[in-house]
Amino acid sequence: MIRLTVAQAVVRFLAHQWSERDGVEHRFFGGCVGIFGHGNVAGLGQALATSTEDLPYHLSRNEQAMVHTAAAYARASNRLATLACTTSIGPGATNMITGAAGATINRLPVLLLPGDIFSTRVASPVLQELEDQRSYDISVNDCFKPVSRFWDRINRPEQLPSALLAAMRVLTDPAETGAVTLALPQDVQAEAWDWPDELFADRVWHIPRPRPERAALARAAELIKTAERPLIVAGGGVIYSEATDELRAFAEAYGVPVAETQAGKGALPHGHPLALGAVGATGTTAANALAREADVIIGVGTRYSDFTTASRTIFAPSARFVNLNVTGFDAAKLSGLQLVADAREGLADLAEACAGRSTPAAYRERATELTRAWDSAVDRAYALEGTPIPQSAVIGAVNAAAGDDGVVVCAAGSMPGDLHKLWRPSGPGAYHVEYGYSCMGYEIAGGLGVKMARPEREVFVLVGDGSYLMMAQELVTAVSEGVKLVVVLVDNSGFASIGRLSESVGAERLGTSYQRHDGGPLPVDLAANAASLGATVLRPESVADLRKALDDARSATETTVIYVRTDRMADDVPSSEAWWDVPVAQVGTTSATYAARETYEASKQSQRSHLAPPG
1 MIRLTVAQAV VRFLAHQWSE RDGVEHRFFG GCVGIFGHGN VAGLGQALAT STEDLPYHLS
61 RNEQAMVHTA AAYARASNRL ATLACTTSIG PGATNMITGA AGATINRLPV LLLPGDIFST
121 RVASPVLQEL EDQRSYDISV NDCFKPVSRF WDRINRPEQL PSALLAAMRV LTDPAETGAV
181 TLALPQDVQA EAWDWPDELF ADRVWHIPRP RPERAALARA AELIKTAERP LIVAGGGVIY
241 SEATDELRAF AEAYGVPVAE TQAGKGALPH GHPLALGAVG ATGTTAANAL AREADVIIGV
301 GTRYSDFTTA SRTIFAPSAR FVNLNVTGFD AAKLSGLQLV ADAREGLADL AEACAGRSTP
361 AAYRERATEL TRAWDSAVDR AYALEGTPIP QSAVIGAVNA AAGDDGVVVC AAGSMPGDLH
421 KLWRPSGPGA YHVEYGYSCM GYEIAGGLGV KMARPEREVF VLVGDGSYLM MAQELVTAVS
481 EGVKLVVVLV DNSGFASIGR LSESVGAERL GTSYQRHDGG PLPVDLAANA ASLGATVLRP
541 ESVADLRKAL DDARSATETT VIYVRTDRMA DDVPSSEAWW DVPVAQVGTT SATYAARETY
601 EASKQSQRSH LAPPG
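Numbering follows UniProt numbering, in which position 308 of the sequence shown is assigned residue number 308; successive positions increment by one, without gaps.
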C-alpha cells in the first residue's frame, strides 16, 4: 500500500498508462496542460509540482484552448496518445466545455480534470459555486455530461480506481472515444488514502482492430461487385487507423476513385491517379461529379457530415452505401450496409472478398480527366497576384512552403472550405483542419498540440482575423514552451465566409465586418498585437514577399507570425458546384430575402432521404 492524496494518485496513475497497437507501445499521456486556481492548486497543482513521475506540466493561457491543444495532440497521434487538462472550479471549468464538445464531435480522446466544489459542503456556497435549489449535488461541472463520453464525480477516495479505469477504457476505445470528464471536488483532491500498489503499475491498453463479421463482408462484396461506378469516400478513420496503404491497394486493385472528407484529406496523396480530392459542399468538381453518378458509395471511416453529403444532395437517389466504420453508429448512416470494423482490417478483407472485379476503363479515364481539369483551376487560383493578396494565392504559397514534411492547421472561417478544395496534401497527417465543430479559436492552440505531438514536422497555422481575436493568447504559450509555429494571420477586417452566407440568405452582411461605430476602419494592428505576445512578425505586401517570409519562418527557430492583408469581398476560389442547407426566412422586407428563399426552395428539391435498403 502507498499513502497519497487523491490528486497525487491521479498523477501517478496517468503517468503509467500506455496504449499499444500492432505491437508498438505509446505513452498515453504526453503531459498535463492546465491553469491553476481555487479548486485545483492545492490538489493537482501540488501533486504535479512534487511529482517525480513522467507527466510534464504545460501552462496554457485559456482553458478552452488547452482542450483544443489536447485534441490536436490526440489527432496528430492517431488517437494513440493525448494530454490531460486541469482547471479550477467555476469559470475555469466551464471554459473547457466548448473544447470538450469539439473533441467528442471529432471522436478524439481528451481527459478533463476540472476542480469542483467541496464534497463536504461545510462552507457552501464557496467562491464560484453555482447554487441550485433542486439539489446540493449539482455544480457547473454537470454541464460536461452531454459533451463527455464518460463523466464521473469523485466524492470519496474509494471511488477513484474504478473511475480511472473506466476513463481509460473509453479513451482508448476507438468506437467510444471522445472527451472524458472526472470532476474532482477540491477537498477530496487533498484527502490522503492508502492505495494498492497495483493501481500504479504500468498498464497497457491494447487498441483493438476488429475485423468485419463474415456475413456482412460477403454482402458488402456482393454489392460492390455489381457496381459500375463505385466511389470511395475516405474519412478520418482511414488516417486514425493508419489504413492509407490498404486504401491505396484496394483503390488500385479495383480502379475505384477516392474522394476525401475534411478529416480524411491526405488519405491518398495529391497526384495519385485515383485521388479526386475533396467531396461535398467544399469539394472539387471532379469528386462531386462522380459522386452524383456513383451507383455504390464505399464510405470508409466517415461520419457523413452535411458538408460531406452537401446536405444530402450530392449522391444519386439510387445510390447504395457500404459503410466501413469502427462504430456501428456511423456505419448505419444513409441506410448503409454496415461493416463494423477497423478501417485497415476491413479494407484488407474487402480486397480479398472483391478479388477479380475492376471498374470499366472508361470510368477510370473520366475520373482522370475530371481531376486534371480541377488541377488546372487550382493552378490558376494559386497563381493569382494582387494587392491585397488573394486568399487562394496565400494558400498556394503556404502549400508550397509546407513541402512534404509540413502540416497545415485551420478550423473556421472561409479558409477551411478553400483549403479542402485547394490544398494538395503530401500524405496522411499533412492536413489538420478541425471541421467537425469548426471552432473559432482552435487554430493556434491546435497548432501547439500538433507540434508537441510531432516536433519533427513544420506546422503552418492558417488563422483569420476573427479566430485570431478569439484566442490569440496561445502565442504566449508557444513562446514560453519553446514550441515553434509558423502562423499565417490573414486579416480581411471581418468574417468573409459568414458575410457571403449572410448575403445569400438575405441578411445583408449584418455584423460581418470590423468597423468603428461611425463606419470607419478600426485602428487595430493585429501584427503589433502578435509582436507584443512575443512572436517574430513579418508583413509581406506581395506574393513574392509572402514566399520569402515563409522561407524565413521555416528556417527560424522561434514562432513567427506572417501578417497578410486580404480582401473580404473577393471570391477567388473555384466553385464546388455543390450546396449547403442553411434555412432562409419565408417572409421579409427586402426583395433579396424573397429571392434567396426562392433559390433555397429550389435547392431543397434535390435533397434525398437515402432510406432504401442497401441490397
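For glycine and all other residues, C-beta sits at the position ideal for the given N, C-alpha and C.
Quantities reported herein were computed from a predicted structural model and do not represent experimental measurements.
Please tell me whether residue i and residue j are closer than 8 angstroms, where the distance is taken between their beta carbons.
| i | j | result |
| --- | --- | --- |
| Ile-105 | Glu-63 | no |
| Thr-82 | Cys-439 | no |
| Gly-255 | Val-300 | no |
| Thr-559 | Leu-475 | yes |
| Trp-580 | Ala-294 | no |
| Cys-32 | Ala-84 | yes |
| Tyr-442 | Pro-416 | no |
| Thr-302 | Thr-359 | no |
| Ala-310 | Glu-246 | no |
| Phe-495 | Val-398 | no |
| Leu-171 | Leu-111 | yes |
| Leu-55 | Thr-86 | no |
| Val-6 | Leu-160 | yes |
| Thr-557 | Lys-484 | yes |
| Arg-539 | Glu-458 | no |
| Ala-267 | Thr-244 | yes |
| Asp-22 | Thr-120 | no |
| Phe-29 | Gln-17 | yes |
| Ala-278 | His-420 | yes |
| Pro-269 | Ser-426 | yes |
| Phe-13 | Phe-315 | no |
| Ala-530 | Val-561 | yes |
Considering only C-alpha positions, which residue in the set the options is nearest to residue i?
| i | options | result |
| --- | --- | --- |
| Ser-60 | Thr-69, Glu-53, Asp-54, Thr-52 | Thr-69 |
| Glu-385 | Pro-157, Arg-565, Glu-53 | Arg-565 |
| Ala-400 | Met-415, Asp-418, Trp-423 | Trp-423 |
| Ala-578 | Ala-287, Leu-130, Phe-250, Ala-243 | Ala-287 |
| Ala-179 | Trp-205, Glu-191, Arg-156, Val-147 | Val-147 |
| Ser-88 | Leu-522, Phe-118, Asp-137 | Phe-118 |
| Asn-323 | Val-584, Ala-331, Ala-402 | Ala-331 |
| Arg-364 | Val-394, Pro-273, Tyr-382 | Pro-273 |
| Gln-338 | Leu-223, Ala-445, Ile-444 | Leu-223 |
| Arg-203 | Ala-528, Glu-458, Lys-604, Ala-15 | Ala-15 |
| Ser-335 | Ala-343, Ala-351, Pro-317, Glu-352 | Pro-317 |
| Ala-507 | Gly-39, Ala-595, Pro-521, Leu-538 | Ala-595 |
| Asp-404 | Pro-388, Ala-430, Tyr-382, Asp-379 | Ala-430 |
| Leu-469 | Leu-448, Ser-426, Gly-413, Leu-510 | Gly-413 |
| Ala-585 | Pro-210, Glu-598, Tyr-304, Val-378 | Glu-598 |
| Ala-544 | Arg-454, Gly-396, Asp-567 | Gly-396 |
| Gln-473 | Gly-534, Ser-493, Arg-454, Pro-523 | Gly-534 |
| Glu-198 | Arg-500, Met-1, Ala-215 | Met-1 |
Hey, could you find the ends of the beta strand (DSSP E) residue i is sitting in?
| i | result |
| --- | --- |
| Leu-469 | Unbroken run through Leu-469 is the alpha helix (DSSP H), 465–471; no beta strand (DSSP E). |
| Thr-181 | 179–185 |
| Pro-161 | No beta strand (DSSP E) contains Pro-161, which is instead part of the alpha helix (DSSP H) from 160–171. |
| Val-409 | 406–410 |
| Leu-112 | 110–116 |
| Pro-174 | First-last for Pro-174: undefined, no H or E at that position. |
| Thr-599 | Premise fails: Thr-599 lies in the alpha helix (DSSP H), 591–604, not in any beta strand (DSSP E). |
| Thr-5 | 2–5 |
| Glu-53 | Where Glu-53 is concerned, there is no enclosing beta strand (DSSP E), given that its DSSP letter is neither H nor E. |
How would you write the range of the alpha helix (DSSP H) that residue i sits in, first residue to last?
| i | result |
| --- | --- |
| Ala-393 | 391–402 |
| His-420 | 415–422 |
| Val-476 | 474–481 |
| His-68 | 63–76 |
| Ala-275 | Unbroken run through Ala-275 is the beta strand (DSSP E), 275–278; no alpha helix (DSSP H). |
| Asp-349 | 343–353 |
| Arg-364 | 361–382 |
| Ser-497 | 496–504 |
| Ser-329 | Position check: residue 329 holds Phe in this sequence, whereas Ser was assumed. Segment 328–331, the alpha helix (DSSP H) holding Phe-329. |
| Asn-492 | Run containing Asn-492: none; DSSP gives neither H nor E here. |
I believe residue i touches residue j by the beta-carbon criterion, under 8 angstroms. Please report the beta-carbon distance rounded to the nearest angstrom.
| i | j | result |
| --- | --- | --- |
| residue 616 | Thr-177 | Nothing can be reported for residue 616: it is not among the residues displayed for the chain, which extend from 1 to 615. |
| Asp-116 | Leu-184 | 6 angstroms |
| His-58 | Glu-481 | 6 angstroms |
| Pro-114 | Asn-141 | 5 angstroms |
| Val-490 | Gly-464 | 5 angstroms |
| Pro-388 | Asp-567 | 5 angstroms |
Determine whether the Cβ of residue i lies closer than 8 angstroms to any Cβ atom of chain D.
| i | result |
| --- | --- |
| Pro-125 | Among the chains of the structure shown, chain D does not appear; only one protein chain is present. |
Please confirm whether any heavy atom of the ligand ZN lies closer than 7 angstroms to the CB of residue i.
| i | result |
| --- | --- |
| Leu-422 | No copy of the ligand ZN occurs in the structure displayed, which carries no ligand at all. |
Would you list, in sequence order, the uninterrupted beta strand (DSSP E) runs of no fewer than 3 residues that lie entirely inside the stretch 508–587?
The stretch 508–587 contains these whole beta strand (DSSP E) runs: 536–538, 560–565.
Quick check for students: name the residue ranges of the beta strand (DSSP E) that lie wholly in the stretch 424–452, counting only runs of 3 or more.
Qualifying beta strand (DSSP E) stretches, in chain order: 431–433.
Counting only runs that start and end within the stretch 240–274, where is the beta strand (DSSP E) found for 3 or more residues in a row?
Runs of the beta strand (DSSP E) inside the stretch 240–274: 258–260.
Within the stretch 91–154, note down every full beta strand (DSSP E) run reaching 3 residues or more, in order along the chain.
Entirely contained in the stretch 91–154, the beta strand (DSSP E) runs reaching 3 residues are, in chain order, 110–116, 150–153.
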